[in-house]
Amino acid sequence: MNGRIFEYNDLTRSEVVRAEVCVVGSGCGGATVAKCLAAAGHDVVILERGGYYPTRSFDQDELNMNAKLSDNRSLKTASDNTTVLLSGHNVGGASVHYWADSYRTPADRLQLWAERYGVAGHGLVELSPAWDEISAALHIHPAEDEYFNRMSELVRDGSRKLGWRGDRVPQARHNCQKSGHCMQGCVYEAKKSQLVTHIPAALALGARLYADVRAAALTTSAGRVTSLHAEVIDRPSGRPGTARLTVEAKAFVVAAGGYNSAALLMRNGFGRQLPKLGHGFGFNPSPMVHAVYDEDIVLWRNIPAAYGVDHFRLASYAHDGSYLEGGYLLMPNQLQPGLLAASIPLLGAEHAHWMQRMRRIGSTIGWIDDHPDELGHIELNDDGSSRVVYPYGPTTSAMLRDLIKKQAQLHLACDAREILVAGARALRVRGSKDLDAIDSLEVRAGGLLMGSPHPSGGCAMGRTAHDSVVDSSHRVHGFSNLFVADSSVFPTAVSVDPSLTIMGFSYLAARHIVDALR
Ligand SMILES: Cc1cc2nc3c(=O)[nH]c(=O)nc-3n(C[C@H](O)[C@H](O)[C@H](O)COP(=O)(O)OP(=O)(O)OC[C@H]3O[C@@H](n4cnc5c(N)ncnc54)[C@H](O)[C@@H]3O)c2cc1C
Ligand code: SF4
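Counting the sequence shown from 1 gives a position; our numbering is that position plus 7.
Laid out in structure tokens, this is it:
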């Protein structure tokens with residue numbers, strides 16, 4: 008590598024760093040934009056608040072890796088206490104613990120963004136060449152037979168029985184050893200996260216990466232950002248040390264991820280000029296349904312999801328506009344034993360009884376395609392930390408019930424013995440006679456246990472400063488050298504796993520930044 012990674016123990020004194028472009032965040036958005044800019048010959052500095060963990064340091068231990076890779080150890084929830092906010096906190100961002108499902112953005116979603124939200128230049132014509140290049144670099148291909156664990160086979164067979172359309176999930180991996188540790192980071196470098204693809208590519212092209220460095224304050228003058236001030240985080244304590252970095256650059260790119268980019272700009276007062284900052288926020292609420300089978304499932308081996316059901320990706324509505332069904336992807340779930348135990352909504356002997364049959368527990372999960380009229384927003388607490396407020400409106404709640412019911416139906420079609428909905432109160436389904444109970448499931452604070460791995464919005468792309476935060480060149484309205492390149496620019500959720508959409512958009516963002524630097 009020609010570039011270099013600096014870590015907290017290299018950064019003991021305050022200093023000024025100069026570069027042409029400063030990128031905040033090293034996930035799918037930041038790493039991709041940094042690689043493209045470095046490839047165009049620009050001097051790039053990447054700031055990442057989390058640590059640099061080379062793959063050789065991965066130990067496949069659930070707790071250790073969760074502490075290293077996951078923001079807030081996956082313990083922070085939205086303000087409803089129901090939805091666990093899942094994102095990355097390390098070099099490579101969430102891609103290091105992601106599942107590597109790699110869908111291209113559906114054409115209908117790009118069309119919606121263009122027609123309803125005024126997103127220009129981000130259609131299939133512009134994105135396809137970028138996706139072709141990324142797909143080659145990340146070895147993206149449909150999952151082969153050998154990567155179907157028992158749960159993926161059941162989702163395939165059960166959904167076919169029910170007449171639901173599905174397909175092999177496109178995967179970003181090569182030489183996968185089927186260890187089942189994707190969420191703990193891949194020690195074999197088989198999973199093509201940013202840590203082993205765009206980050207080393209950017210470094211090889213001369214980019215410098217500062218790990219353990221948290222961007223805090225942007226100084227602006229006459230519609231330009233002139234410098235960025237950052238804290239060096241003492242990794243063992245997780246607290247800021249005494250050293251500070253000041254970065255002076257010609258252009259600044261915020262790629263701090265869906266949970267953080269809007270918050271960073273809000274802390275810096277950008278909301279005064281940009282009323283939509285922090286708004287239009289979605290996170291694909293993801294309810295899980297567990298089931299006990301008469302055979303071994305062993306959820307925690309092989310890849311998480313070789314087969315996905317996209318039959319219900321788009322919600323359907325009656326003539327009068329009332330919700331009928333759908334609005335989600337339905338997938339096999341993968342949980343290591345610790346997380347599986349934590350998500351079983353039982354106590355004492357009942358919990359032990361389920362865990363004794365741990366090898367026979369199967370599980371499914373689905374991503375709700377956040378309804379555009381029921382999106383949430385990000386707020387700042389008094390101490391500057393951020394809070395996600397999500398309304399769980401009537402259509403979203405109906406979608407959740409429908410998704411939970413469809414998951415239970417699928418388990419029943421596969422002859423599951425007993426089904427449990429993951430939530431505060433155990434809802435059991437032992438046969439089709441119990442399915443109707445799901446229709447009255449209350450979606451309320453602390454009710455269901457859900458993940459939210461796919462944040463979107465907060466810095467939405469659009470036409471003007473009144474309806475959006477960035478324009479179609481990813482530039483923050485009113486600032487000539489400030490750009491956003493991550494999932495926060497999406498006007499709505501993507502309706503499929505978002506990593507390839509993020510990377511494709513970041514390719515296009517890099518082109519606009521190159522133009523701005525001319
Ligand atoms: C468990 C899990 C599984 C997933 N599986 C899939 C999948 O199979 N397919 C898929 O497409 N998507 C998946 N996703 C989602 C996907 O990983 C993310 O959408 C994507 O990686 C986000 O990229 P990003 O660059 O927008 O943000 P992030 O990856 O969150 O990167 C942002 C980075 O910015 C850093 N940062 C934040 N604030 C600051 C600051 N102030 N200063 C410096 N750095 C900062 C963060 O530490 C982080 O590393 C999964 C997510 C999770 C949690
Ligand atoms: S299942 Fe494959 S890609 Fe995932 S961690 Fe194991 S070897 Fe790596």
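Cβ coordinates follow ideal geometry from the N, Cα and C atoms, glycine included.
Contact annotation: the stretch 445–456 touches the stretch 389–407, with at least three C-beta pairs closer than 8 Å. As DSSP reads the structure, Pro177 sits in a beta bridge with Pro149. Beta-bridge pairing by DSSP links Val239 to Val220. Closest in C-alpha terms to Lys440, from the list Glu425, His188, Thr19, comes Glu425. Pro505 is not bridged by DSSP to any residue. Counting C-beta pairs closer than 8 Å gives fewer than three between the stretch 169–179 and the stretch 491–502, which falls short of the contact rule. Secondary structure note for Cys29: its beta strand (DSSP E) is the uninterrupted segment 22–31.
For the options Gly469, Met468, Leu507, Leu524, the alpha carbon positioned closest to that of Asn488 is the one of Leu524. Ile509 has its Cβ nearer than 7 Å to a heavy atom of ligand 1. Judged by DSSP secondary structure, His384 falls within the beta strand (DSSP E) whose first and last residues are 383–387. Following the DSSP letters along the chain, one finds Met295 inside the beta strand (DSSP E) bounded by residues 293–299. Looking at the backbone, the Cα of Leu382 and that of Ser495 are separated by about 13 Å. Partner residues in the beta bridge of Lys198, as assigned by DSSP, are Arg180. The shortest C-alpha to C-alpha distance from Thr471 to any of Ala127, Val103, Pro247 is the one to Ala127.
Counting every other CB atom within 10 Å of its CB across the protein chains shown gives Val396 a total below 16, marking it as exposed.
For the alpha helix (DSSP H) assignment, the uninterrupted runs of no fewer than 4 residues enclosed by the stretch 388–438 are, from N- to C-terminal side, 401–420.
Each of Gly213, Asn73, Met273 was checked against the Cα of Cys189, and the nearest Cα belongs to Asn73.
Those residues placing their Cβ nearer than 6 Å to any heavy atom of ligand 2 are, following chain order, Arg180, Cys183, Gln184, Lys185, Ser186, Gly187, His188, Cys189, Cys193, Tyr195, Ala197, Lys198, Ile310. Between the stretch 194–213 and the stretch 43–59 there are three or more C-beta pairs closer than 8 Å, enough to call the two in contact. Nearest Cα to Glu332 within the set Leu342, Pro398, Phe319, Met338: Phe319.
Judged by their CB atoms, Tyr335 and Asp376 are nearer to each other than the 8 Å cut-off. If you check the C-beta of His104 against ligand 1, you find a heavy atom less than 7 Å away. Here Ile240 has Tyr15, Arg56, Asp219, Val220, Arg221, Arg246, Pro247, Gly248 as same chain residues with Cβ atoms under 8 Å from its own Cβ, once five neighbours each way along the sequence are excluded. A straight line joining the alpha-carbon of Gly369 with that of His286 spans about 37 Å. If you look at Glu332, you'll find it isn't in any alpha helix (DSSP H); it sits in the beta strand (DSSP E) that goes 330–332. Going by C-alpha positions, Arg366 is about 9 Å away from Tyr300. In the DSSP annotation of this structure, the continuous segment of the beta strand (DSSP E) that includes Arg251 starts and ends at 246–261. For ligand 1, a non-hydrogen atom lies closer than 7 Å to the CB of Arg221. Per DSSP, Arg308 lies in no alpha helix (DSSP H) and is assigned neither H nor E.
For Thr371, the enclosing beta strand (DSSP E) covers residues 368–375. By the beta-carbon neighbour count (other beta carbons within 10 angstroms, threshold 16), Val98 is buried.
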